[in-house]
C-alpha cells in the first residue's frame, strides 16, 4: 500500500500571469515525503500523487518549493469547481504517494 497522508491547507492563487492555484503541504509532511522519495530522481523534485478534496480525486504531481520549505500541490479549475472550493478556502486533502 502506498503512503497516504491527510492534511488541511489554504488554497491560494499564484501571483503571476497564469491563474495557478496551490495547496502548500505542512512542513512536517513535506519532510516525511522528502525522506520517502529521496533519490527518486524525478524532474524538478516532483512527486507523483493521487489527491482528493471532498469527493473529487485526481492524479498529479506535487513539486518541491524551497522558498516555503515544502511541496506545492496544484489544484486545477475543474478540481476546484467539482469540490466547490476557491481562493482562500481551507480544505481537507487526502494525498497518496504514487511511488511505483
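In the working numbering, the protein residues as written are 256 to 355.
Just so you know, even glycine gets a beta-carbon here, dropped at the ideal spot from N, CA and C.
When secondary structure is reduced to three states using DSSP, residue 353 falls in the coil class, being assigned neither helix nor strand.
When rounded, the separation of the alpha-carbon atoms in residue 280 and residue 258 is 15 Å. When beta bridges are read from the DSSP output, residue 302 appears opposite 317.
For the options 269, 302, 262, the alpha carbon positioned closest to that of residue 283 is the one of 262. Nearest C-alpha to residue 334 among 268, 274, 307, 289: 307. With contacts defined as CB atoms closer than 8 Å, residue 328 and residue 260 fail to qualify as a contacting pair. Cβ neighbours of residue 349 within its own chain (closer than 6 Å, five residues either side excluded): 261, 307. Between the alpha carbons of residue 309 and residue 347 lies a distance of about 7 Å.
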